[in-house]
Structures are given as structure tokens and as C-alpha cells.
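Structure first, then comments.
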Amino acid sequence: MKKISFLLLVLLIGSEVIAQENNGNSQKLMNMISLNAISVTIGGEFIVNGSFPASSTERVDQFVTRLFNSSRAALLTAAKDASTFTKIQKDIADYAIRGIKLIHSDGSQLIIDLQKFRLTADFKQNPYLKNGDVLIFPAYDTKRNFISVEGAVNKPLNFQFVEGDKLADAILFARGINNAYQNVTTAEITRLSYNGKSEKIINVNVNDDFPLKVGDRIRILADDTQRKDYRVLVLGEVFKPGYIYISKNNTMIQEVIKQAGGFRPDADLNRAEVIRNSSQLKSGNNIVDKIFDQRSDFLLMQRMAELAIEDSITFLSDNAIRFTRSSAAVDFTKVLDSTSQSSKFIVRNRDIIYIPQKNNQIYVYGQVMSPGYIEFNKGSDYSYYLAKAGGLGKTAKNDVYLIKGKTRAWINVSGTDDYTIEPGDYIWVPKDIPRDFDYYLTRTARVAGVIGAVATLVLLFKR
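The structure is reproduced here in C-alpha cells:
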């Protein structure tokens, strides 16, 4: 018992010593920060102006980022409604990080380029702060005081122009030349006159130390690479379903099916299809994709059409199907026959090839006693399947429709034998909706009204 008490006493003393040591270290750290405290003044176009505490161990970028974030948080917290919050967020979103003037207390000056520092880690552009330093931020205006870079670079952009900028700076800020492009040697610089009515085009080598002027627009020239991720998706009854990589508009469907391992024994080649979904063929350019979206496509189609209202509604649904799910005419029973035209069908990027499983059934539904799947019986007409489904219900119409499984085409098969039922088809029996006396009375009254109006007109003309 005495030993246990002694151990507890030792542990308590030890924990107290550790706690005192930690408090001492924290105090030392606070003292060190206090000893390093300096004052830095912010001027120009920044989120706040004035003198602020800093540390002599802070560099310009660290101090500026810390001050911006804390000031931004304070302003947004003070916003009392959503519109004010959004306005403040927009007003303080950007500030100049190039051309910042650093003035020391002895009068010496430096021009700081934090954008260049963040890309190169060149600490000459991000020095330590000193007591009494002044940072003057220039106005941020990338609409007029800008350089634009496009073309074979990793990140096309507009950036703030600073006197002394050269072509190498523009390429640096655009994250360098994209390695996907080959033989990139030339930069085209378009330079507008002050009134914007004339331009001068200057071609220079990308390695030239060419001086830039405000408003220069630069294109790093290269033939657009066509080495892209072209692929099709094969689904269903093949041995190796999934994405198959292809070349641009030069791969035949036979090659794709072979790479997918060929058809499984239970593949239904009569219902297989190539689905070319227009929404999957987007260019990746937001402007282009918006111009050629489904809505604008429909408006262009309808612009000069002469359609009745009911036809316009039908056309709307037909056009939507065309845009989102266009099928290519391919006879899959001949795809592996190299002499057939179907085997030479050229697939395109993002096509979907769907090979369904054989479905040796017919689905009967609507006004029948027992809707459901019925085994296909070759040569049988629709009445056979209606009988298997328990016969017609009391409210069944006289019409019976055959809906083809692949095309979804409708055929009214009542009173005709000019049709063929195939596995996977549908048979639908519509409902004869009961009408009460008021319904027929209303329709009779309308007809009588029309007849009366016509009779009145006839009498007027006879007079």
C-alpha cells in the first residue's frame, strides 16, 4: 500500500512539473512573438488600409494573405443579408499581387511580384518584412491593364500587366507550354492601336526575350493535337464488356466487337444497336456546347417549319429522341462478316454499343386479364398471346397494338394479318373509357350549336 501511495505521489509531482514546463514553453513562445513584433503599413488598392502588427519572421506573401483572410472574414460576418454578402464577396474577390511597391523605413524600395513567387518560389519576390515597411498595392484592372495568353499553353488566361513584362513571363503565368503539342516554336502577338481600330501582328520565337506592352494578346501557335481519349462503350452480351479505345473516326465496329471478346451465345443480335447520344459528343467548350444544345437545335429545326399545333407537339418528342438517343443502322448479324457493309460501320467517340440478351418472350399488357410475359411461339398471331394472357377485359377496346421491341414502332394489328411478331415485342390493348350521359349530351349540344350557326349563315346569304 505504501508503495502504491509513493508511486501516485511521484506521478502527481511529475505531471505538475510537465504542466509547468509546458506553460513555460508557451510563455516563452509568446515572449518570442512579442520580441519579433513589428508594424507594417498597407496603402493603395487593398481590402484594408492602415498600420498592422506583423512579425519580423513573416514574409510579404504570408502577411498579405493573413491580413486579407482575416479582413475578408470580418466583412462577410458583418453582412446582414444575402445580397450584401454577395456584393461584399464580389467587391473584395481580387487584388493586385504584381507590381506591389515595398518601401523600407530608410527610403529604399522594391517591386514585389507575388504571382511570380508563387510559381517559381523565388524569394527575391517575397522578402522578409521589416519594422516600418510600407506596402503600396496598385489598382487591379485586367480589363484594360492586361496581357492575354491563349493557344498551346497549360492554362490560358488574362493577367495583370506590369512594366517590364516579357514573353517568357506570359508563358510562365500560363503554366508553360503544354507538352501535348509538338513543334511549338512561334508566338503570335496581336497589338492594338490606342483607339482599337488597327492592329499589328508580330510573330516571334517562343524563346525570344520579347518585351510586351499593355493589352498585348498572345497566341502560342501549334497544330491542334488530335491525340485524344477516343472510346466507345460496349454493354451487354459480349465476353469483355466495357470501354474500348478507338482512333478518331477510323475504327470499324467489327474491330470493336473483336476487342470486346465477341458475342456471347445468348446475344440477341436482332435487337442490338449503336446509340449515338448527342449530349455525349460535347466539345468541352462551354460556349460551343451552349450554342448547339438540344433547345437551340429544336428552335433551328422548327424555325421555317409549317406544322399544325398537334404536329409540333409530336415533332418535339421525336426531335428530343433524335438528339438524346439516335441509333445507327447496323445489322449486327453481319458485323463479324468482313465482306458485309455493316462490319465496316465507323464508330465515333462516346458511341454506346448495346447487345441485349435473347428474350424469347412477348410482353402482353393493358386491358387483359393477366398481363405479363408469355413465351414466344413462332408463327402465332396476336390472338394467341391474348388468350394466353387470360383474354380481354370488359373495358378493352377493339384495337390491339403490336409495339416492336427494337424500334418501338406501333402497328394496329386488329383485323389484319400483315405483321410479324418477334421475340421481345409488346402487345398492348387500350381501354375503352366509359362515358356517362352528360358527356354525350355536351358533345351533342356542341354539334347542334355548330349546325345552328351554319344554318343561320346559309339563311343570311339567301336573303
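So the sequence shown is numbered by the working numbering: it starts at 149 and just counts up by one. Even glycine gets a Cβ: it sits at the ideal position worked out from N, Cα and C.
From the DSSP output, in three-state form, read off residue 395 for me.
-> In the three-state reduction of the DSSP assignment, residue 395 falls in the coil class.
Would residue 376 be called buried (16 or more neighbouring beta carbons within 10 Å of its own) or exposed?
-> By the 10 Å Cβ count, residue 376 comes out exposed.
So which of 332, 507, 515 and 606 has the shortest CA-CA distance to residue 571?
-> The shortest C-alpha separation from residue 571 is found at 507.
Does DSSP classify residue 491 as helix, strand or coil?
-> Residue 491 falls in the helix class under three-state DSSP.
Tell me residue 297's beta-bridge partners as DSSP assigns them.
-> Beta-bridge pairing links residue 297 to 305 and 366.
Classify residue 308 as buried or exposed, calling it buried when 16 or more other Cβ atoms lie within 10 Å of its own Cβ.
-> Buried is the label assigned to residue 308, since at least 16 other Cβ atoms lie within 10 Å of its Cβ.
List the DSSP bridge partners of residue 516.
-> As computed with DSSP, residue 516 is found in a beta bridge with 540.
Just curious, the beta strand (DSSP E) that residue 257 is in, first and last residue?
-> Here the beta strand (DSSP E) through residue 257 covers 257-260.
Have a look at residue 275 and residue 211 and give me their C-alpha separation to the nearest angstrom.
-> Roughly 11 Å between the two C-alpha positions.
Between residue 416 and residue 536, what straight-line distance do the alpha-carbon atoms span, to the nearest angstrom?
-> Straight-line Cα distance between these residues: approximately 24 Å.
Cβ of residue 195 within 8 Å of Cβ of residue 216?
-> Going by C-beta atoms, residue 195 is nearer than 8 Å to residue 216.
For residue 303 and residue 512, the rounded distance between their alpha carbons = Distance from the CA of residue 512 to the CA of residue 303, rounded to the nearest whole angstrom, comes to 58 Å.
Cβ of residue 301 within 8 Å of Cβ of residue 325?
-> It is a contact, given that the beta carbons lie within the stated cut-off.
Answer with buried or exposed for residue 456, where buried requires no fewer than 16 other C-beta atoms within 10 angstroms of its C-beta.
-> The residue in question, residue 456, is exposed, as its Cβ has fewer than 16 Cβ neighbours within 10 Å.
Output the distance between the C-alpha atoms of residue 596 and residue 574, rounded to the nearest integer angstrom.
-> The alpha-carbon atoms of residue 596 and residue 574 are separated by roughly 42 Å.
Is the CB-CB distance between residue 476 and residue 422 below 8 Å?
-> At the C-beta level, residue 476 and residue 422 come within 8 Å of one another.
Select from 315, 209, 206 and 284 the residue whose C-alpha is nearest the C-alpha of residue 298.
-> Nearest C-alpha to residue 298: 315.
Backbone secondary structure at residue 533 - three-state DSSP | DSSP places residue 533 within a helical segment (H, G or I) once states are collapsed to three.
Tell me where the alpha helix (DSSP H) around residue 417 begins and ends.
-> For residue 417, no alpha helix (DSSP H) run applies, since DSSP gives it neither H nor E.
Taking the continuous alpha helix (DSSP H) assigned at residue 232, which residues delimit it?
-> Segment 230-239, the alpha helix (DSSP H) holding residue 232.
Taking all protein chains shown into account, do 16 or more other C-beta atoms lie within 10 angstroms of the C-beta of residue 420, making it buried, or fewer, making it exposed?
-> Counting Cβ neighbours within 10 Å, residue 420 comes out buried, since at least 16 surround it.
Rounded C-alpha distance that separates residue 605 from residue 452 | So the two alpha carbons sit approximately 36 Å from each other.
Can you tell me which of the three DSSP states residue 352 falls into?
-> Strand, per DSSP.
Best match in 381, 259 and 465 for proximity to residue 311 [C-alpha to C-alpha] | Looking from the CA of residue 311, the closest CA among 381, 259 and 465 belongs to 259.
Beta-carbon of residue 571 versus every beta-carbon of chain D: anything under 8 Å?
-> Included in the structure is just one protein chain, with no chain D present.
Residues bridged to residue 476 by DSSP?
-> Answer is 422, bridged to residue 476.
Measure the alpha-carbon distance for residue 361 versus residue 353 and round it to whole angstroms.
-> Between the C-alpha atoms of residue 361 and residue 353 there is a straight-line separation of about 17 Å.
Sheet register partners of residue 188 (DSSP bridge) = Bridge partners of residue 188: 200.
Residue 390, DSSP secondary structure in three states | In the structure shown, the three-state DSSP call for residue 390 is strand.
Please determine, among 503, 557 and 531, the residue with the shortest C-alpha to C-alpha distance to residue 478.
-> Residue 503 is the option with its Cα nearest to residue 478.
Is there contact here, the stretch 342-350 with the stretch 270-286, by at least three beta-carbon pairs under 8 Å?
-> Cβ pair count under 8 Å is below three, so no.
The stretch 255-274 in contact with the stretch 185-202 per 3-pair CB rule at 8 Å = No, the stretch 255-274 is not in contact with the stretch 185-202.
Leaving out five residues on either side along the sequence, give the residues of the same chain with a beta carbon under 6 Å from the beta carbon of residue 530.
-> For residue 530, where only same-chain residues beyond five positions count, the Cβ hits under 6 Å are 548, 561 and 575.
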